[in-house]
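Below is one structure; the comments refer to it alone.
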Amino acid sequence: MIRKTFGTITSAGILLAVSSVASGALGLVRDRLLAARFGAGPELDAYFAAFRIPDTIYGILVVGGFSAVFMPMLAEYFGKDDAEGWKFVHSVLRLFVVFFACVALVLFVAMPWFMNLVVPGFSEESRNLAVSLSRVLLLSPLILGVSSVFSGVLQYFQ
Numbered sequence: 087m088i089r090k091t092f093g094t095i096t097s098a099g100i101l102l103a104v105s106s107v108a109s110g111a112l113g114l115v116r117d118r119l120l121a122a123r124f125g126a127g128p129e130l131d132a133y134f135a136a137f138r139i140p141d142t143i144y145g146i147l148v149v150g151g152f153s154a155v156f157m158p159m160l161a162e163y164f165g166k167d168d169a170e171g172w173k174f175v176h177s178v179l180r181l182f183v184v185f186f187a188c189v190a191l192v193l194f195v196a197m198p199w200f201m202n203l204v205v206p207g208f209s210e211e212s213r214n215l216a217v218s219l220s221r222v223l224l225l226s227p228l229i230l231g232v233s234s235v236f237s238g239v240l241q242y243f244q
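The number in the numbering used here is simply the position in the sequence shown, starting from 1, with 86 added.
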């Protein structure tokens with residue numbers, strides 16, 4: 087039993103390490119391709135600035151809070167009954183979509199103000215580009231959050 091658990095933990099650790107290295111390498115390739123295509127300039131600066139707010143929202147709400155709480159609660163509900171577990175998953179998904187849609191709506195409207203805080207030295211044109219890009223990227227916390235719920239369910243059943 088202990089040997090099997092250790093093997094599973096070791097495999098998971100190796101998978102996380104390989105995934106982290108691959109993510110870093112792909113991020114480096116992405117940055118190099120963007121720099122080669124656009125060069126160091128206001129468009130690329132606006133692109134990187136546009137990621138700040140959606141990534142911060144995702145990092146704080148999904149990675150920081152949700153991941154630590156969801157799995158133990160999921161195990162508790164599925165431990166009682168499968169129907170209770172699925173009811174919990176559906177409730178979490180509904181709450182997630184409504185909550186992130188509300189956050190995205192507020193940020194969509196207030197994005198020019200937030201972008202002034204993130205990039206105070208940008209020109210008006212670069213700031214407007216960053217605001218537009220960031221508004222599009224506000225979908226990413228919602229999509230990634232929903233995928234985190236599905237990933238948690240899959241991990242529970244593995």
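Cβ coordinates follow ideal geometry from the N, Cα and C atoms, glycine included.
Q. Roughly how many whole angstroms lie between the Cα atoms of Tyr208 and Trp199?
A. Note on identity: in this sequence residue 208 is Phe, with Tyr being the wrong assignment. The alpha-carbon atoms of Phe208 and Trp199 are separated by roughly 13 angstroms.
Q) Expressed to the nearest angstrom, what Euclidean distance is found between the alpha-carbon atoms of Val217 and Ala135? A) The straight-line gap from Cα to Cα measures roughly 9 angstroms.
Q: Please find out if some non-hydrogen atom of the ligand COA comes closer than 7 angstroms to the beta-carbon of Arg221.
A: Only the bare structure without any ligand can be found here, which leaves the ligand COA out of the picture.
Q. Since Met159 contacts Tyr242 with CB under 8 angstroms, what's their CB separation in whole angstroms?
A. So it is not a contact: roughly 10 angstroms between Cβ atoms.
Q: Tell me whether Ser209 sits in a helix, a strand or coil according to DSSP, three-state version.
A: When DSSP states are grouped into helix, strand and coil, Ser209 belongs to the coil group.
Q) Is the beta carbon of Pro227 sitting closer than 8 angstroms to the one on Val148? A) Contact flag set, yes.
Q | Check whether Ser131 and Ser212 have beta carbons under 8 angstroms apart | A | Sequence check: residue 131 is Asp here, not Ser. Yes, the pair counts as a contact, with Cβ atoms nearer than the cut-off.
**Q.** Ala190 and Leu219 closer than 8 angstroms at C-beta
**A.** Contact annotation: Ala190 and Leu219 have beta-carbon atoms that are not nearer than 8 angstroms.
Q) Are the Cβ atoms of Tyr163 and Gly151 separated by less than 8 angstroms? A) Contact flag unset, no.
Q | Same chain only: Cβ atoms within 7 angstroms of Gly238, ignoring 5 sequence neighbours per side | A | Non-local C-beta neighbours of Gly238 in its own chain, meaning closer than 7 angstroms and more than five positions away in sequence, comprise Phe156, Met157 and Leu160, ordered along the chain.
Q) From Leu101 to Ala111, what does the alpha carbon distance come to, in whole angstroms? A) Across the structure, Leu101 and Ala111 are spaced so that their CA atoms are roughly 15 angstroms apart.
(Q) Phe182 and Val232 - do their beta-carbons sit closer together than 8 angstroms? (A) Val232 is a Cβ neighbour of Phe182, given a cutoff of 8 angstroms.
Q. Looking at C-alpha atoms only, which residue of Ala154, Leu230, Gly165 and Phe137 is the closest neighbour of Leu187?
A. Note on identity: in this sequence residue 187 is Ala, with Leu being the wrong assignment. That would be Leu230, whose Cα lies nearest to the Cα of Ala187.
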